[in-house]
Amino acid sequence: MLVDELRAVHVVVGYDYTFGRMGQGTPAGLVQFGAEFGFGVTVVPKVEIDGAAVSSTRIRGAVAAGDVALAARLLGRPHRVDGVVERGRGVGSQIGFPTANIRTPRGIALPAKGVYACYAHDAAGKRWPAVCNVGERPTFSDAARGVRVEAHLVGTAGDFYNQRMSLDFVGRLRPEQAFESSEALVAQVKNDIAAALTMLD
Numbered sequence: 023m024l025v026d027e028l029r030a031v032h033v034v035v036g037y038d039y040t041f042g043r044m045g046q047g048t049p050a051g052l053v054q055f056g057a058e059f060g061f062g063v064t065v066v067p068k069v070e071i072d073g074a075a076v077s078s079t080r081i082r083g084a085v086a087a088g089d090v091a092l093a094a095r096l097l098g099r100p101h102r103v104d105g106v107v108e109r110g111r112g113v114g115s116q117i118g119f120p121t122a123n124i125r126t127p128r129g130i131a132l133p134a135k136g137v138y139a140c141y142a143h144d145a146a147g148k149r150w151p152a153v154c155n156v157g158e159r160p161t162f163s164d165a166a167r168g169v170r171v172e173a174h175l176v177g178t179a180g181d182f183y184n185q186r187m188s189l190d191f192v193g194r195l196r197p198e199q200a201f202e203s204s205e206a207l208v209a210q211v212k213n214d215i216a217a218a219l220t221m222l223d
């Protein structure tokens with residue numbers, strides 16, 4: 023198949039790659055086939071961080087647990103979430119912290135519910151420090167709307183509606199929590215912004 027159908031010239035596989043009937047083929051066997059049929063083979067060696075192999079399973083687990091700092095180390099870059107900015111209820115603007123509400127595609131890997139330090143990239147390519155919330159906004163009884171992603175971009179109150187935006191998750195600040203009043207929430211958001219700017223500095 024590699025030769026007749028795909029006309030492979032060079033194949034890159036991982037150190038634990040298997041192929042063929044019942045996965046009995048190994049990278050060493052593929053190298054032999056390459057020599058026989060005239061295509062090159064590169065076997066990517068095992069990479070470990072903190073004594074464990076870097077793998078897609080481990081990366082997904084780190085993201086799902088909210089450990090975006092570990093995910094960034096494993097990926098070699100921050101975990102990114104892309105989407106389109108849509109109109110929300112305007113609650114953020116009412117309390118002095120407008121947010122971009124990101125509509126994300128189904129199936130995208132979202133970090134665990136919580137508040138994160140992020141970099142937001144707008145459609146023009148400009149980067150903004152941001153505080154991002156992933157969750158249900160329990161202070162405002164939004165659980166029925168499901169998990170949502172919203173970002174307060176520090177230093178701008180720009181209109182990003184219907185534009186694409188990317189969020190690079192750098193570090194987790196705290197779990198999502200409900201507050202007894204909007205005043206308590208405002209005080210915490212101010213702390214979150216200060217912590218995010220320190221983390222992103």
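Going letter by letter, the sequence shown gives residues 23 to 223 in this note's numbering.
The C-beta atom is built at its ideal place from N, Cα and C for all residues, glycine as well.
- Scanning its chain for C-beta atoms nearer than 7 Å, with the 5 sequence neighbours on each side dropped, one finds around V34 the residues T64, V66, in chain order.
- With 16 or more neighbouring CB atoms inside 10 Å of its own CB, D190 falls in the buried class.
- In this structure, E198 and V103 do not form a Cβ contact; the two beta carbons are roughly 16 Å apart against a cut-off of 8 Å.
- Residue burial is scored here from C-beta neighbours: T121 has at least 16 other C-beta atoms within 10 angstroms and is therefore classed as buried.
- Apart from sequence neighbours up to five positions away, the residues of its chain that approach L52 with a beta-carbon distance below 6 Å are V63, ordered along the chain.
- Cβ-Cβ distances below 7 Å link R95 to I71 in the same chain, with the five nearest sequence neighbours on each side left out; the list follows chain order.
- Straight-line spacing of the CA atoms in E172 and T126 works out to 10 Å.
- Burial state of G88 is buried, judged by a 10 Å Cβ sphere holding 16 or more other Cβ atoms.
- Cα atoms of I215 and Y141: separation of roughly 12 Å, rounded to the nearest angstrom.
- The closest CA to that of A30, considering only G56, G36, H174, A134, is found on G56.
- Residues V106, V107, D144, A145 of the same chain have their beta carbon placed closer than 8 Å to that of Q185, with the five preceding and five following residues left out of the count.
- By the Cβ-count criterion, V69 is exposed, with fewer than 16 other Cβ atoms from all chains shown falling within 10 Å of its own Cβ.
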